[in-house]
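Asker: So the sequence lines, in the order shown, correspond to chains A and B. Each residue of the first sequence is one higher than the one before, counting from 1 in our numbering. Each residue of the second sequence is one higher than the one before, counting from 1001 in our numbering. Heads up, the beta-carbon is just placed ideally off N, CA and C, and yes, glycines get one too. I have a structure I would like to understand better, so I am pasting it below and will then ask my questions one at a time.
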Amino acid sequence: MELKYNGTELLICLSARIMEDRSSAFIGTGVPMLAAALAKRLYAPNLVSVFEFGGVGSSLKYLPRGVGESKTFYRASVASGICDIMETAARGFITYGFLGGAQIDMYGNLNSTVIGDQAKPKVRMPGSGGANDVGSFCWRTIAIMQHDARRFVEKIDYLTTPGYLSGPGAREAAGLFPESGPYRVVTNLATLGYEEESKRMMLISTNPGVTVEQVVENTGFELIVPDEVGQSEPPTEDELRILREEIDPEHLYI
Amino acid sequence: MEILESGLYDLIQPPDIDGLRKWNRENKSMALESKLMSEKEAMERFVSDGDYVGFELYGTCRAPLSLVRELVRQGRKNLRLAGQGLQDVDFLLAAGMVEAMDITYVGYEVHGLSPVLRRAAEKQGVKMVEWSNAALAWRFKAAAMGVSYLPIRSMLGTDTFKYSAGKVAECPFTGDRVMLLPALILDCGVIHVHKADQYGNCMLEGISGFALEMARASKKLVISAEEIVDNEEILKYPDRNVIPYYHVDAVVHAPFGSHPGEMPYLYGRDEPGIMEWLQVTKTEEGASDYLDKYIRNVPDHAAYIELVGGEEKLKELRALSVGR
């Protein structure tokens, strides 16, 4: 029997499957919260959620609407503050960091600040918030994006959060910590990673029902397509049941 | 130390640590004296035109909104702002009181962009100097430490650095490239806590956000508290006193002071209340009408609470708290 699911549910399931057990994830509002909650229940029971304003290790029983809410430290191990959390990340404790944005380029650099000129923008977005720090400090960042050629662009209007900057060695040359940086991009069309040598974005697998051509067409820069491209499994019955009945029964996000 | 790169903007508040020390020597007292006063008196006395101000925690959680509303009621000109928030920043921007801000994030997360911020940046030309969240908190921390800058390993290589007022230098010990964050000293910091005594000793529950750092980075510090407790409670639990009284200039009793935001363990956030603001601010007129209805035409916080539903509403919000 074929299961029905929506695009957000698919993004959540794909993201949840990436995280390894006994690791930590720096969580932003939206899909990452649900992905971490789902991963904890199915794939990574010892995953530790980290919220920038001080909550560490919440059970994520209740879904927060923002990263500073009470629900981010409900029955948590720690309720400290932003300096403590950011310093913990700077000391190398945080494995995964979730990011998003209006634009991403082939090196995984993200824009969440402005479209147009910074001093006189066409569209002013919220700004870095903790994103630049997550992109600077976490070992492996995972970007969650809507996939189209307006968002996957050759040149982003503004570089809010560092990916691999201008390519191999650029993060280290800028002064960022070695071995940190972009790891995956999860979109409504595909899961992508980065080629080891060039640090350029590379297709890993397409989402159910999506072709490689569709992914390439919706990417505004030259995407590396390896000889073998996988096909992601659709959400399972278990994933969807837990997501809908336990994690987000009020359908706040899904 | 050789400066390798500089952000494009000038600092909108200089990191004058000597000045902070002098200020504290001349203006702060170790005497235990009551600082209890109304929102009106606190804002009149401690926020002036042109001041650099900041609010903690994060717009919809433990936010000192009764004090922000009072500031809008009184009106100020040319404020400069630590822009890390939601409704606190929105209210002041919508009231046209802000000249420039150090911005990290102003937005509504699950509910999207702030229309007020968009107008301020796109049409009204409010100057915005960019930082990351860690950077802003560490700038307070530097001031709290009494140092004029801190070296960090964030913001490097990005436009977030380029449009900041920071610098990049080589670490004299390791040779690493580090970003130098200038200390940020507030003319007035405003913080909402769970409990305070009349002298200004503060206890808070749940995450501390950047309250501890900001309190110590502020020349003038105004505290609002859900509950005013006897000094005896501090004497019994001195380890829970996170902001000692000698930093504090004013203590305001403000039950439900964070409304429509939440207060950990006490009340949940008023989602319809927040959504109303987001709806009406789609137009400048809508925002202005809201400020009239909920702020300018209301004499004080008690009257505001009555206007938004009084005891019935408060009961509803208490029930929304997720507890422990």
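#1: Let me know if D117 of chain A comes out buried or exposed under the rule of 16 or more other beta-carbons within 10 Å of its beta-carbon.
#2: Give a yes or no on whether 8 Å exceeds the smallest Cβ distance from Y1058 of chain B to chain A.
#3: Should V1251 of chain B be labelled buried (16 or more other beta-carbon atoms within 10 Å of its own) or exposed?
#4: Examine the Cβ distances between the segment 1286 to 1300 of chain B and the segment 1083 to 1095 of chain B and report whether three or more of them are shorter than 8 Å.
#5: Quick one: which residues of the segment 78 to 102 of chain A get their C-beta closer than 7 Å to a C-beta of chain B? List them in chain order.
#6: Extract the residue ranges of the beta strand (DSSP E) inside the segment 32 to 108 of chain A, only unbroken runs of 3 or more that lie entirely within it.
#7: Step through the CB atoms of chain B and report whether any lies within less than 8 Å of the CB of R171 of chain A.
#8: Of all the options B:V1222, B:K1236, B:E1226, which has the alpha carbon lying nearest to the alpha carbon of E1041 of chain B?
#9: Opposite K1127 of chain B in the DSSP bridges: which residues?
#10: Closest Cβ-Cβ distance between G181 of chain A and chain E: below 8 Å?
#11: K199 of chain A and P168 of chain A look like a contact to me (Cβ under 8 Å); what is the Cβ gap, rounded to whole Å?
#12: Which term fits G1146 of chain B, buried or exposed, when burial requires 16 or more other beta carbons within 10 angstroms of its beta carbon?
#13: Using DSSP's beta-bridge definition, name the partner residues of L1150 of chain B.
#14: Who are the Cβ neighbours of M1203 of chain B in its own chain at under 8 Å, not counting the five residues just before and after it?
#15: State the Cα-Cα distance for the pair L51 of chain A and D1187 of chain B, rounded to the nearest angstrom.
#16: Tell whether a beta-carbon distance below 8 Å holds between L42 of chain A and E239 of chain A.
#17: What number of angstroms, rounded off, separates the C-alpha of G1149 of chain B from the C-alpha of T236 of chain A?
#18: List, from N- to C-terminal side, the beta strand (DSSP E) runs of 3 residues or more that fit wholly inside the segment 184 to 238 of chain A.
#19: Can you give the Cα-Cα distance for Q1279 of chain B and E1271 of chain B, rounded to whole angstroms?
#20: Let me check one thing: in DSSP terms, what residues is G1083 of chain B bridge-paired to?
#21: Out of curiosity, what's the CA-to-CA distance linking L243 of chain A and S1038 of chain B?
#22: Could you give the distance in angstroms between the alpha-carbon of M1275 of chain B and the alpha-carbon of I115 of chain A?
#23: Could you name the residues of chain A that W1023 of chain B contacts, counting a contact when the two beta carbons are closer than 9 Å?
#24: Suppose only complete runs of 4+ residues qualify. What are the alpha helix (DSSP H) ranges in the segment 1006 to 1060 of chain B, listed by chain order?
#25: Can you give me the C-alpha to C-alpha distance between E1099 of chain B and E1170 of chain B, rounded to a whole angstrom?
#26: Are D133 of chain A and S1164 of chain B closer than 8 Å when you measure CB to CB?
#27: Give the DSSP-derived three-state secondary structure of E179 of chain A in the structure shown.
#28: Quickly, what does DSSP pair H1253 of chain B with across the bridge? List them, please.
#29: Would you tell me roughly how many angstroms separate the C-alpha atoms of L1212 of chain B and E197 of chain A, rounded to the nearest one?
#30: Would you say N132 of chain A reaches chain B, if we count a Cβ-Cβ gap shorter than 8 Å as a contact?
#31: Since N1078 of chain B meets chain A, which of its residues come closer than 8 Å, beta carbon to beta carbon?
#32: Comparing the C-beta of L1055 of chain B with each C-beta of chain A, is any distance below 8 Å?
#33: Kindly indicate the opening and closing residues of the beta strand (DSSP E) around I1274 of chain B.
#34: Residues of chain B with CB under 8 Å from S70 of chain A, in chain order?
#35: In the DSSP output, which residue or residues are listed as bridge partners for P121 of chain A?
#36: Is N1078 of chain B helix, strand or coil by DSSP?
Answerer: Based on what the coordinates show:
#1: exposed
#2: yes
#3: buried
#4: In this structure the segment 1286 to 1300 of chain B lies against the segment 1083 to 1095 of chain B, because at least three pairs of beta carbons, one per stretch, are closer than 8 Å.
#5: Residues of the segment 78 to 102 of chain A with a Cβ closer than 7 Å to any Cβ of chain B, in chain order: A79, S80, G81, I82, C83, M86, A90.
#6: 48 to 50, 96 to 99
#7: yes
#8: Ranking the options by Cα distance to E1041 of chain B, first place goes to B:V1222.
#9: For K1127 of chain B, which the question treats as bridged, DSSP gives the partners B:A1100.
#10: Reference to chain E is not applicable here, since the protein chains of this structure are A and B.
#11: 5 Å
#12: exposed
#13: B:L1181
#14: V1193, H1194, K1195, A1196, V1229, E1233, I1234, Y1237, R1240, N1241, V1242
#15: What sits at residue 51 of chain A in the sequence shown is Phe, not Leu. Rounded to the nearest angstrom, the two C-alpha atoms are 29 Å apart.
#16: yes
#17: The sequence as given places Tyr at residue 1149 of chain B; Gly does not occur at that position. In a straight line, the C-alpha of Y1149 of chain B is about 51 Å away from that of T236 of chain A.
#18: 190 to 194, 201 to 206
#19: 12 Å
#20: B:I1103
#21: Spanning the alpha carbons of L243 of chain A and S1038 of chain B requires a straight line of approximately 47 Å.
#22: 25 Å
#23: Correct list: empty, because the minimum Cβ distance to chain A is about 23 Å.
#24: 1017 to 1027, 1039 to 1046
#25: Between E1099 of chain B and E1170 of chain B, the C-alpha separation is close to 34 Å.
#26: no
#27: coil
#28: B:A1225
#29: 44 Å
#30: yes
#31: Those do not exist, as N1078 of chain B stays about 19 Å from chain A at its closest Cβ, beyond 8 Å.
#32: It is Phe, not Leu, that sits at residue 1055 of chain B in the sequence shown. Not an interface residue.
#33: Looking at the DSSP string, I1274 of chain B is not in any beta strand (DSSP E); the run it does join, the alpha helix (DSSP H), is 1271 to 1280.
#34: C1061, G1206, E1262, P1264, Y1265, G1268, S1321, V1322
#35: A:G116
#36: coil
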